[in-house]
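Peer 1: This is the structure I have questions about; it appears just below.
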Amino acid sequence: MARYRRRVLVLHDGKARAARIPRTHNVPGFPDGVAGATLLERMAEHATRYGAVLRQVEVTGAEHTDGCFKLRTADGDTIVGRSLILATGLHLNQIPLPDAVHEAAIRANVLRYCPVCDGYEHIDRRIAVVGCDADGAAEALFLRCYTPHLTLLPKAKAELSAARRAELAAAGICMEERPVERYVPHDNGFDIYLQGDATPLHFDVVYPALGVRQRTELAAMLGLQLGEEGCVASTCALGTPVPGLYCAGDIVEGLDQISVAMGHGAVAATRAHNWLRDHVDPSMDVTTRSIRP
Ligand SMILES: Cc1cc2nc3c(=O)[nH]c(=O)nc-3n(C[C@H](O)[C@H](O)[C@H](O)COP(=O)(O)OP(=O)(O)OC[C@H]3O[C@@H](n4cnc5c(N)ncnc54)[C@H](O)[C@@H]3O)c2cc1C
């Protein structure tokens, strides 16, 4: 966007999912992988080199009035822009572990949340998928091309149709009926205690399949419709019913991946630039300004 010679303000609250990636191997151009934090630093350097301004603050309110977007921030500021790209991401539903233990398990690569991203790194490993429902079954079947050592574990109880059970059994995927009582991650694996068991099951890697919560509060404030999965429509990178508003990344229905988010971002930025050219008097071309109430 900044390379279209627009004034660009990037607001973020420091909670990007990308920052939690220890090392991704499926972002094009990084054959040896890249840490999420490094990728974010490089992207920030790239954007600021062309004049974008990055500011860390939580946005608590959004409205669209008089042809402008007005964003309220947690520190009491009001920010006005002519066009807005929402890329607010999502929250994962996680397994119950203290934050520090949970993040250490992610860094040790024994706790994974995205089989599409990193299933390849666990060929022939013993994998547990937590979530004995349709989503968990789909995730286990997806991982089956990487390993035959797969077990589906219920978070609370197994909720699988007879047909799904037959499909999993045919693929050689084990199913436990008792819920998980305790998770104990180690540097090189996971001990999982099922209800009533004193002896743990041991796995190399655990993939929770417990769903996500899209961060769509600002989208809803601006009147965007949310689909059944809680996302905005897949066309929202191209434009929304709100003039000048575009969406990108994980809040958009589809595959939650960095490469997809970048693609959305490119489309949304170009659409926003063209929309501004067509609809905003160039003499008013101040895409961001900050007003202290
Ligand atoms: C452990 C882990 C491993 C992953 N591995 C991979 C991988 O290997 N490859 C891959 O392609 N993908 C991977 N992903 C997924 C990837 O991180 C996401 O698909 C990608 O980050 C989506 O980008 P996004 O911009 O939509 O969301 P995010 O990266 O989550 O960014 C959302 C941004 O919105 C900001 N925000 C939201 N609401 C507010 C608000 N109210 N006020 C201010 N700021 C706000 C946040 O601060 C954040 O900066 C992984 C995710 C996790 C958690």
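For the sequence shown, the residue numbers in the working numbering are 903 to 1195. Yeah, the Cβ is synthetic: ideal placement off N, Cα and C, and Gly gets one too. Predicted model, so just to flag it, every value in this text is computed and none were measured.
1) Give me the residue from 1116, 989, 1054, 927 with the minimum Cα distance to residue 1168.
2) What does a CB cutoff of less than 8 Å around residue 1122 pick up in its chain, not counting 5 residues either side in sequence?
3) Taking only three categories from DSSP, how would you classify residue 1022?
4) Quick one: what does DSSP say residue 906 is sitting in, helix, strand or coil?
5) Could you name the residues of the same chain whose beta carbon sits closer than 6 Å to that of residue 858, not counting the 5 residues immediately before and after it, in chain order?
6) Looking only at C-alpha atoms, which of 934, 947, 942 sits nearest to residue 904?
7) Residue 1166 and residue 1139 look like a contact to me (Cβ under 8 Å); what is the Cβ gap, rounded to whole Å?
8) For residue 970, which beta-bridge partners are listed by DSSP?
9) So for residue 1079, helix, strand or coil by DSSP?
10) Would the beta-carbon of residue 1072 be found less than 7 Å away from any heavy atom of ligand 1?
11) Just checking, does the region 1013-1023 make contact with the region 1099-1117 on the three C-beta pairs under 8 Å criterion?
12) Suppose you measure from the CA of residue 1090 to the CA of residue 924; what does that come to, to the nearest Å?
13) By alpha-carbon positions, which one of 967, 996, 1008, 976 ends up nearest to residue 982?
14) Look at the alpha carbon of residue 1005 and the alpha carbon of residue 921, and state the distance between them as a whole number of angstroms.
15) Can you give me the C-alpha to C-alpha distance between residue 1180 and residue 957, rounded to a whole angstrom?
16) Can you tell me which of the three DSSP states residue 1152 falls into?
17) I'd like the list of long-range same chain contacts for residue 919, defined as Cβ closer than 6 Å, with 5 residues on each side in sequence excluded.
18) List the DSSP bridge partners of residue 880.
19) Return helix, strand or coil for residue 1110, following the three-state DSSP convention.
20) Mind checking whether residue 1085 and residue 1025 have CB atoms under 8 Å apart?
21) With DSSP collapsed to three states, give me the class of residue 1167.
22) Name the residue from 1034, 1056, 1087 whose alpha carbon lies nearest to the alpha carbon of residue 1009.
23) Looking only at C-alpha atoms, which of 1057, 1022, 1059 sits nearest to residue 935?
24) Measuring straight from C-alpha to C-alpha, what distance separates residue 953 and residue 937?
25) I'd like the list of long-range same chain contacts for residue 1177, defined as Cβ closer than 8 Å, with 5 residues on each side in sequence excluded.
26) Cβ of residue 1118 versus every heavy atom of ligand 1: is any distance shorter than 7 Å?
27) Just confirm the distance between the C-beta atoms of residue 911 and residue 961, as a whole number of angstroms; I'd bet it's less than 8 Å.
28) Can you give the Cα-Cα distance for residue 1148 and residue 1113, rounded to whole angstroms?
29) Check residue 1118 in the structure and name its three-state DSSP category.
Peer 2: According to the data block:
1) Residue numbering aside, residue 1168 sits at position 266 when the sequence shown is read from its first letter. Comparing Cα-Cα distances from residue 1168 to each of 1116, 989, 1054, 927, the minimum goes to 989.
2) Counted from its first residue, the sequence shown places residue 1122 at position 220. Taken in chain order, the residues that qualify are 1128.
3) The sequence position of residue 1022 within the sequence shown is 120, counting from 1. Three-state DSSP puts residue 1022 in a helix.
4) As a position in the sequence shown, residue 906 is number 4, starting the count at 1. Looking at residue 906 - three-state DSSP - the assignment turns out to be helix.
5) Here the chain covers residues 903 to 1195 and nothing more, so residue 858 does not appear.
6) Within the sequence shown, residue 904 is the residue found at index 2, counting from 1. Taking only the C-alpha atoms, the option nearest residue 904 is 947.
7) For the purposes of this step, residue 1166 is taken as residue 264 along the sequence shown, with counting starting at 1. For the purposes of this step, residue 1139 is taken as residue 237 along the sequence shown, with counting starting at 1. Their Cβ separation, rounded to whole angstroms, is 4 Å, which keeps residue 1166 and residue 1139 in contact under 8 Å.
8) Numbered from 1 along the sequence shown, position 68 holds the residue referred to as residue 970. DSSP lists 967 as partners of residue 970.
9) As a working note, residue 1079 is residue 177 in the sequence shown. Reduced to three states, the DSSP call for residue 1079 is coil.
10) As a first step, residue 1072 must be located in the sequence shown, where it is residue number 170. Incorrect: residue 1072 has no Cβ contact closer than 7 Å to ligand 1.
11) yes
12) Taking the first residue of the sequence shown as position 1, residue 1090 is located at position 188. Taking the first residue of the sequence shown as position 1, residue 924 is located at position 22. The alpha-carbon atoms of residue 1090 and residue 924 are separated by roughly 15 Å.
13) Position 80 of the sequence shown, counted from the first residue, corresponds to residue 982. Closest option to residue 982, Cα to Cα, is 967.
14) Taking the first residue of the sequence shown as 1, we reach residue 1005 at position 103. Taking the first residue of the sequence shown as 1, we reach residue 921 at position 19. Residue 1005 and residue 921: Cα-Cα distance of roughly 11 Å.
15) Along the sequence shown, read from residue 1 onward, the residue named residue 1180 stands at position 278. Along the sequence shown, read from residue 1 onward, the residue named residue 957 stands at position 55. Straight-line Cα distance between these residues: approximately 28 Å.
16) On the sequence shown, position 250 is the one that residue 1152 refers to. DSSP places residue 1152 in helix when its eight states are reduced to three.
17) Here residue 919 refers to the residue found at position 17 when the sequence shown is read from its first residue. Taken in chain order, the residues that qualify are 991.
18) There is no way to answer for residue 880, as the model of the chain reaches only from 903 to 1195.
19) The sequence position of residue 1110 within the sequence shown is 208, counting from 1. Note: residue 1110 maps to strand in three-state DSSP.
20) Residue mapping note: residue 1085 aligns to position 183 of the sequence shown, counting from 1. Residue mapping note: residue 1025 aligns to position 123 of the sequence shown, counting from 1. No, the Cβ-Cβ distance between residue 1085 and residue 1025 is not below 8 Å.
21) As a first step, residue 1167 is located in the sequence shown; it is residue number 265 there, counting from the start. Three-state result, residue 1167: helix.
22) Numbered from its first residue, the sequence shown carries residue 1009 at position 107. If we check each option's Cα against that of residue 1009, 1087 comes out closest.
23) Within the sequence shown, the letter at position 33 stands for residue 935. Comparing Cα positions, the closest option is 1022.
24) By 1-based counting over the sequence shown, the position of residue 953 is 51. By 1-based counting over the sequence shown, the position of residue 937 is 35. Their backbone Cα atoms lie some 25 Å apart in a straight line.
25) Walking along the sequence shown from the start, residue 1177 turns up at place 275. Taken in chain order, the residues that qualify are 985, 1141, 1145, 1146.
26) Counted from its first residue, the sequence shown places residue 1118 at position 216. No, since every heavy atom of ligand 1 falls outside the 7 Å radius drawn around the Cβ of residue 1118.
27) Counted from its first residue, the sequence shown places residue 911 at position 9. Counted from its first residue, the sequence shown places residue 961 at position 59. Actually they are not in contact, since the Cβ atoms of residue 911 and residue 961 sit about 11 Å apart, beyond 8 Å.
28) As a first step, residue 1148 is located in the sequence shown; it is residue number 246 there, counting from the start. As a first step, residue 1113 is located in the sequence shown; it is residue number 211 there, counting from the start. Those two C-alpha atoms are separated by around 25 Å.
29) Walking along the sequence shown from the start, residue 1118 turns up at place 216. Residue state, collapsed to three classes: coil.
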